[in-house]
Amino acid sequence: MKRTTALFAGAAVMFMLAGCQTGPASGSGADVIDDETVENGSENGDSEAQEDESEYGTRANPLEIGTRIEMGEWSLAVTDVNPDATDEVLAANEFNEAPADGRQFVMFSVDASYHGEESGTAWLDFSWAVVGSAGNTFGGESMDDYCGVVPDPLDDTGETYPGGDVSGNVCISVPADQLDGGTIRIQETFEFGDTRAFYSLA
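When you line the sequence shown up against mature numbering (1 follows the signal peptide of the UniProt record, and there is no 0), it's residues -18 to -1, 1 to 184, in that order.
Here it is in structure tokens:
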């Protein structure tokens, strides 16, 4: 019950703040910490690659899985994506229900490290969504987006102090026909500036 209450509380906060984003809708690029693809592109002197690097992390040029970025008081990365984790999620809890018709559970793993001066809570400090190939956004604003109880959830991680690391899974129910070309969107929950970044689903 405690976890369910927390999930609904978090979803309510995300819903209230969904219309408050003032940065570019498709992002303006991410602050990349470590990414071999970007480094190699720069070393090769490819002007097109360098141009893409300046906007790496936007919806048009999403981050590759495993790319670590800085956002707010955290460094983090989406480290793994399972575009159809339906069977895994259903097996995690006997009360989980199958996704709505035409949908499947998209589950991805997140690693995050807190570098602020006080403390943070990863699952509250960030909101997650999948932006489908048709331009629709899924994640927290509809009960159809809800997966139920997932294995090793990020929302089981608690308050984190400087130097602390957390990891866990995030799951969103998404229409199967919008996955090809879709992206994972992350943004700071309580920051209304330009804080969006996008990861590729592939």
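Ideal Cβ placement from N, Cα and C applies to all residues, glycine included.
- For Y96, the beta-bridge partners assigned by DSSP are W56.
- Excluding the 5 residues flanking it on each side, A67 has same chain C-beta neighbours closer than 6 angstroms at F87, M89, in chain order.
- Excluding its 5 nearest sequence neighbours in each direction, A74 has C-beta neighbours in its own chain below 7 angstroms: V131, V132, P133, listed in chain order.
- Beta bridge pairing from DSSP links G102 with T142.
- The beta-bridge partner set that DSSP reports for R167 consists of A111, F180.
- According to DSSP, T119 shares a beta bridge with V113.
- CA-to-CA, the gap between A12 and W105 works out to about 19 angstroms.
- In its chain, beyond the 5 residues on either side, N78 have a beta carbon closer than 6 angstroms to the beta carbon of L72.
- In the structure shown, D162 falls within a coil segment according to DSSP collapsed to helix, strand and coil.
- By the Cβ rule, the stretch 163 to 182 does not count as touching the stretch 123 to 130, because fewer than three pairs are nearer than 8 angstroms.
- Shown here, T40 sits in coil according to DSSP, grouped into three states, outside any helix or strand.
- Among the bridge pairs identified by DSSP, F90 is matched with V63, V152.
- Looking at the backbone, the Cα of R85 and that of P135 are separated by about 20 angstroms.
- For D69, there is no enclosing beta strand (DSSP E); the enclosing alpha helix (DSSP H) has its first and last residue at 68 to 74.
- Separation of C129 and I15 (C-alpha to C-alpha, rounded to the nearest whole angstrom) is 31 angstroms.
- Per DSSP, reduced to three states, the secondary structure at D147 is strand.
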